[in-house]
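Written below as structure tokens is the structure these notes are about.
Chains as they are written, first to last, in the working numbering: chain G, 50 to 295; chain L, 50 to 295.
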């Protein structure tokens, strides 16, 4: 885990390019960030990629192979959207901020292989470790406490933030849905990083980024997806969450 | 755990009194239910008692001793509110539906001592097993998975439902707040019981009861309270949750 000191915010590559500010107290130019999505060929990652590209970001869709990444990117293409596909390692290397949307099975292995290109960057984990049986969905026990904490344990040179767990992939993919009516709970131990991710969430119309605690409290946010699945089944809905009084 | 069969809904004491319907498919007369609150001298239990009394329920405030229960009831008294105090065992005996709002420390012991009077009744557990340190709040590991599952393991002759975890005690106690703007996530394995508890939540203006899964998915709902505490600190709020698209 990073300390809170802004000196330890390694993605602020001062002087590297004009998209990243040299002054700590000026936030980065969020609209100019290139967003990489590991596991972008899946529904959650693809849907987030679609929406972030529609918001003006250059989005890089990563998959296990270059071909699968390019195929997934082609499916998400549309007027005014800049979406490119590549393998996960290339995406991790090129992007400013990386969203991890891979299946829980293989989460650790995928990240272990990408430690070097992800170093110094903000990594947003949106993976929900879930099991399913005849009784429905349930949260899996994770030795590290959560997928996000596992990512932080593996990616010791990155700044891991947990976010985007509860966004409906169905709504993200449906271009007739203009706004996504949900708050995005953002968790992490580095204030500048969680602020950036909250601002990124707000690039998608209807979404609001809400800081919701340190990474050690990510497990219940991930597991809450099982409850939303139960809600969706009972009420035939694509449920999201709004935090009231904020 | 009870099976879903309405035949196993033991609180439907047919013919016992006119508040409980004799026909399984007609819901019970929710407004006529007497609500008992174990740990009603605490802020969460007291606040719920206040609101349910204001909604017209006879509310019985339980505490360890008759005197403390009566003192707590006296503090909650007000025009048109029927609130009585007693010891927890008396409350468990007299009430139709019982809310467990005791501190997590002592949760198991309190329920073990009340197995007999709680038999055949709906027991609503709203306890959040939480720890606090200099980093803030965090969810405690519970061997049974959650406080609600622990209650179900102890109270094998009751029907346990989990609900009311996220309601702000501050807002509940503030009589100038006329509506409590939050959804109440209701979890349980018995459909009739979760329906009843959802209807009970809706007796409080502004609240909506939302079925959110089986009892095995209660742990993350309880632990999410740690996230709401983080949100409250960051945004100086009394945060609640709304489920969107329902």
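Backbone N, C-alpha and C define an ideal beta-carbon position, used for all residues, glycine too.
Minimum Cβ-Cβ distance from residue i to chain G less than 9 angstroms
| i | result |
| --- | --- |
| residue 193 of chain L | no |
| residue 114 of chain L | no |
| residue 290 of chain L | yes |
| residue 199 of chain L | no |
| residue 73 of chain L | Since pLDDT at residue 73 of chain L reaches only 48, below the 50 mark, its modelled position is unreliable, and the value read off the structure follows with that caveat. Closer than 9 angstroms: no. |
Neighbourhood of residue i by C-beta distance below 8 angstroms, restricted to the same chain and skipping five residues each side
| i | result |
| --- | --- |
| residue 274 of chain L | 177, 179, 186, 188, 214 and 215 |
| residue 79 of chain L | 245, 248, 249 and 252 |
| residue 153 of chain L | 176, 177, 178, 179, 189 and 196 |
| residue 226 of chain G | 220 |
| residue 143 of chain G | 83, 85, 109 and 135 |
| residue 66 of chain G | Confidence in residue 66 of chain G is poor, its pLDDT being 40 and thus under 50, which makes the residue's placement too unreliable to answer from. |
| residue 259 of chain G | 232, 233, 234, 235, 247, 292 and 295 |
| residue 283 of chain G | none |
DSSP three-state assignment for residue i, whether helix, strand or coil
| i | result |
| --- | --- |
| residue 112 of chain G | strand |
| residue 87 of chain L | strand |
| residue 231 of chain G | strand |
| residue 264 of chain L | helix |
| residue 169 of chain G | coil |
| residue 149 of chain G | strand |
| residue 255 of chain G | coil |
| residue 96 of chain G | helix |
| residue 211 of chain G | strand |
| residue 123 of chain L | helix |
| residue 293 of chain G | strand |
| residue 133 of chain L | strand |
| residue 244 of chain L | helix |
| residue 186 of chain G | strand |
| residue 82 of chain G | coil |
| residue 163 of chain G | coil |
| residue 107 of chain L | strand |
Cut-off 6 angstroms between Cβ atoms - residues of its own chain near residue i, not counting five sequence neighbours on either side
| i | result |
| --- | --- |
| residue 206 of chain L | 168 |
| residue 134 of chain G | 110, 118, 119, 121 and 122 |
| residue 193 of chain G | 199 and 202 |
| residue 303 of chain G | For residue 303 of chain G there is no data in the structure shown, the boundaries of chain G being 50 and 295. |
| residue 255 of chain L | 228, 229 and 230 |
| residue 242 of chain L | 171, 208 and 210 |
| residue 280 of chain L | 288 |
Minimum Cβ-Cβ distance from residue i to chain L less than 9 angstroms
| i | result |
| --- | --- |
| residue 266 of chain G | yes |
| residue 70 of chain G | Here residue 70 of chain G scores only 40 on pLDDT, less than 50, and its place in the model should not be relied on; the value that follows carries that caveat. No, no contact with chain L. |
Contacts around residue i, its chain only, beta-carbon distance under 7 angstroms, and the 5 residues preceding and following it disregarded
| i | result |
| --- | --- |
| residue 218 of chain L | 92, 93 and 96 |
| residue 200 of chain L | 149, 160, 172, 174 and 209 |
| residue 277 of chain L | 215 and 288 |
| residue 103 of chain G | 130 |
| residue 99 of chain G | 125, 221 and 222 |
| residue 138 of chain G | 163 and 166 |
| residue 115 of chain G | 135 and 136 |
beta-carbon residue i near the ligand ATP non-hydrogen atom, thresh 8 angstroms
| i | result |
| --- | --- |
| residue 81 of chain L | Annotation note on the ligand ATP: not contained in the displayed structure, which lists no ligands. |
Touching or not, the stretch 102 to 122 of chain L and the stretch 164 to 172 of chain L, by the rule of three or more beta carbon pairs under 8 angstroms? no
Interfacial residues, the stretch 157 to 189 of chain L to chain G, with Cβ spacing under 9 angstroms: 184, 185, 186, 187 and 188
Against chain G: residues of the stretch 241 to 264 of chain L by CB proximity under 9 angstroms: 259, 260, 261, 262 and 263
Would you check if the stretch 220 to 239 of chain L and the stretch 261 to 271 of chain L touch, i.e. whether three or more CB-CB distances between them fall below 8 angstroms? yes
Contact list for the stretch 270 to 295 of chain L against chain G, Cβ threshold 7 angstroms: 270, 272, 273, 275, 276, 279, 280, 283, 284, 286, 287, 288, 289, 290, 291, 292, 293, 294 and 295
Listed from N- to C-terminal order along the chain, which residues in the stretch 207 to 236 of chain L have their beta-carbon within a distance smaller than 7 angstroms of any beta-carbon of chain G? 230, 231 and 234
Taking 8 angstroms as the threshold, find out whether the stretch 283 to 295 of chain G comes into contact with the stretch 194 to 209 of chain G through three or more Cβ pairs. no
For the pair the stretch 133 to 148 of chain L and the stretch 75 to 87 of chain L, tell me if three or more CB-CB distances fall below 8 angstroms. yes
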